[in-house]
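Asker: So for the sequence shown, this note's numbering puts the first residue at 33; every next one is plus one. Quick reminder that beta carbons are idealized off the backbone N, C-alpha and C, glycines included. From a predicted model like this one, the values you see are computed outputs, not experimental measurements.
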Amino acid sequence: MRILGVESSCDETAASVVEDGRRLLSNVIASQTELHRETGGVVPEVAARAHLRALVPVVRAALAEASCTWDDLDAIAVTAGPGLPGALVVGLNAARGLAYARGLPLIPVDHIEGHVRANWLLEREPELPALALVVSGGHTELLLVEEDGSFTRLGGTRDDAAGEAFDKVARLLGLGYPGGPPLSALAATATERRLSLPRAWLRGSDDTSFSGLKTAVLQLVQSPNPPPRAEIAWAFEESVVDVLSEKAARAAERESVASVLLAGGVASNRRLRERVLERAPVAVSMPPPIFCTDNGAMIAAAAFAHLDEMVSPQAPLDIHPTVKRRPPARRT
Ligand code: KG4
Ligand code: ZN
Numbered sequence: 033m034r035i036l037g038v039e040s041s042c043d044e045t046a047a048s049v050v051e052d053g054r055r056l057l058s059n060v061i062a063s064q065t066e067l068h069r070e071t072g073g074v075v076p077e078v079a080a081r082a083h084l085r086a087l088v089p090v091v092r093a094a095l096a097e098a099s100c101t102w103d104d105l106d107a108i109a110v111t112a113g114p115g116l117p118g119a120l121v122v123g124l125n126a127a128r129g130l131a132y133a134r135g136l137p138l139i140p141v142d143h144i145e146g147h148v149r150a151n152w153l154l155e156r157e158p159e160l161p162a163l164a165l166v167v168s169g170g171h172t173e174l175l176l177v178e179e180d181g182s183f184t185r186l187g188g189t190r191d192d193a194a195g196e197a198f199d200k201v202a203r204l205l206g207l208g209y210p211g212g213p214p215l216s217a218l219a220a221t222a223t224e225r226r227l228s229l230p231r232a233w234l235r236g237s238d239d240t241s242f243s244g245l246k247t248a249v250l251q252l253v254q255s256p257n258p259p260p261r262a263e264i265a266w267a268f269e270e271s272v273v274d275v276l277s278e279k280a281a282r283a284a285e286r287e288s289v290a291s292v293l294l295a296g297g298v299a300s301n302r303r304l305r306e307r308v309l310e311r312a313p314v315a316v317s318m319p320p321p322i323f324c325t326d327n328g329a330m331i332a333a334a335a336f337a338h339l340d341e342m343v344s345p346q347a348p349l350d351i352h353p354t355v356k357r358r359p360p361a362r363r364t
């Protein structure tokens with residue numbers, strides 16, 4: 033079964049053809065980073081307009097790269113949310129229109145589940161149940177992927193997402209957008225490595241918080257004798273990575289999972305990958321960076337797990353998030 037996956041929830045217009053949820057036939061991504069660099073972040077209206085321009089050429093390129101015609105496709109999958117409303121509408125309506133014109137069914141996909149499903153594109157299929165750590169520009173989520181493939185949310189950020197914290201601190205340090213990669217590169221050049229920044233452990237919960245850490249960096253940067261920028265970047269990265277890897281490892285132990293799955297843009301962070309590998313009690317699955325940041329392949333892979341949710345492109349879209357919150361009673 034061949035599914036075309038379309039993604040437009042934030043600042044990447046992406047399309048990909050994936051066979052049986054696992055075999056990548058093409059992966060085309062038009063990134064808007066250059067466009068948003070000027071403003072130091074995503075301006076939703078600017079993003080939506082850029083999606084509008086890029087979508088048709090990106091879908092065409094994805095079909096060409098996969099050597100597919102429309103007749104070779106069995107369904108169109110599209111990110112239904114969460115994301116920027118204006119950006120989502122572009123992908124959703126384009127996918128709907130294409131599905132209608134080509135007589136194909138539509139599969140709406142949850143963006144967060146999509147990130148996690150990027151792990152199904154790897155050679156080794158993840159073992160379930162799994163603990164998934166989704167860390168992106170908009171989300172920090174600890175999820176349990178149950179044996180039947182359903183998703184339960186254990187916890188997540190109470191304020192800034194991990195990627196958002198990287199982006200904001202990078203900005204404080206005078207680095208470009210997106211901030212994760214340059215901040216991480218600067219951190220690697222630190223020589224002293226003695227500075228320690230706060231860690232919000234929020235013990236007894238799977239939640240995270242990075243706003244206090246961001247304020248601590250702001251105060252340091254504005255102090256009369258700030259440490260070298262590389263030292264601040266290093267201490268910031270250590271603090272975030274320490275909390276995320278420790279929280280993921282503890283949740284994995286407590287839930288007795290068979291594997292840990294990394295996902296989302298921040299999952300391409302080298303230190304985070306190292307530390308999760310060191311600390312996790314079970315096998316860790318980590319997509320290569322190109323599948324960590326937003327892409328259409330993860331959407332097509334996720335759709336394959338939701339074939340029962342196929343709808344007619346003419347049907348009113350009644351979209352429910354696939355990630356369910358764990359009821360409080362099950363928490364100990
Ligand atoms: O998943 P993604 O492409 O978009 C969202 O769904 O949000 O994630 C983008 C985020 C940005 O905040 C970016 O700074 C961060 O991922 N990021 C990184 C790294 N590469 C990307 N953060 C830390 N280290 C990296 N190497
Ligand atoms: Zn994303």
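(1) With a 10 Å radius around its C-beta and 16 neighbouring C-beta atoms as the bar for buried, classify residue 363 as buried or exposed.
(2) Which complete alpha helix (DSSP H) runs does the stretch 80-143 hold, if anything under 4 residues is left out?
(3) Can you determine whether any heavy atom of ligand 2 sits closer than 7 Å to the C-beta of residue 288, and answer yes or no?
(4) Could you give the first and the last residue of the continuous beta strand (DSSP E) run that contains residue 57?
(5) Under DSSP, the beta strand (DSSP E) around residue 183 begins and ends at which residues?
(6) Pick out the complete beta strand (DSSP E) segments inside the stretch 173-250, 3 residues or longer, and give them in chain order.
(7) Taking 8 Å as the threshold (C-beta atoms), are residue 118 and residue 80 in contact?
(8) Where the beta carbon is closer than 5 Å to any heavy atom of ligand 2, which residues qualify, in chain order?
(9) If the criterion is Cβ atoms closer than 8 Å, does the pair residue 295 and residue 164 meet it?
(10) What did DSSP end up calling residue 168 once you bin it into helix, strand or coil?
(11) If you follow the alpha helix (DSSP H) that residue 334 is part of, which residue opens it and which one closes it?
(12) Closer than 7 Å to a non-hydrogen atom of ligand 1 - does that hold for the CB of residue 199?
(13) Cutting at 7 Å between CB atoms, please list the residues of its own chain near residue 277, excluding the five before and the five after it.
(14) Let me know the secondary structure DSSP gives residue 288 once reduced to three states.
(15) So residue 302 is in the beta strand (DSSP E); what residue range does that whole segment cover?
Answerer: Reading from the atomic positions:
(1) Start at 1 with the first residue of the sequence shown, and residue 363 comes out as number 331. The predicted model places residue 363 with a pLDDT of 44, which falls under 50 and marks its position as unreliable, so this point remains unresolved.
(2) With a minimum length of 4 residues, the continuous alpha helix (DSSP H) runs that stay inside the stretch 80-143 are 117-134.
(3) Taking the first residue of the sequence shown as 1, we reach residue 288 at position 256. Incorrect: residue 288 has no Cβ contact closer than 7 Å to ligand 2.
(4) Position 25 of the sequence shown, counting from 1, holds the residue named residue 57. Taken as a continuous stretch (DSSP letters only), the beta strand (DSSP E) holding residue 57 covers 55-63.
(5) Residue mapping note: residue 183 aligns to position 151 of the sequence shown, counting from 1. Looking at the DSSP string, the run of the beta strand (DSSP E) that includes residue 183 is 183-188.
(6) Within the stretch 173-250, complete beta strand (DSSP E) segments of at least 3 residues are found at 183-188, given in chain order.
(7) Locating residue 80 in the sequence shown gives position 48, where the first residue counts as 1. Locating residue 118 in the sequence shown gives position 86, where the first residue counts as 1. In this structure, residue 118 lies closer than 8 Å to residue 80 by Cβ.
(8) Those residues are 168, 326, given in chain order.
(9) In the sequence shown, residue 295 corresponds to position 263, counting from 1. In the sequence shown, residue 164 corresponds to position 132, counting from 1. For residue 295 and residue 164, yes; Cβs fall inside 8 Å.
(10) Position 136 of the sequence shown, counting from 1, holds the residue named residue 168. DSSP places residue 168 in coil when its eight states are reduced to three.
(11) The residue labelled residue 334 in the question sits at position 302 within the sequence shown. 329-336 is the span of the alpha helix (DSSP H), which, as asked, contains residue 334.
(12) In the sequence shown, residue 199 corresponds to position 167, counting from 1. At least one heavy atom of ligand 1 lies closer than 7 Å to the C-beta of residue 199.
(13) On the sequence shown, residue 277 is found 245 positions in, with the first residue counted as 1. Listed in chain order, the non-local C-beta contacts of residue 277 below 7 Å within the same chain comprise 304, 307, 308, 311, local neighbours out to five positions each way being set aside.
(14) What you label residue 288 is simply residue 256 of the sequence shown in a count that begins at 1. If DSSP states are grouped into helix, strand and coil, residue 288 belongs with coil.
(15) Mapped onto the sequence shown, residue 302 falls at position 270. First-last for residue 302: 302-311, but that is the alpha helix (DSSP H), not the beta strand (DSSP E).
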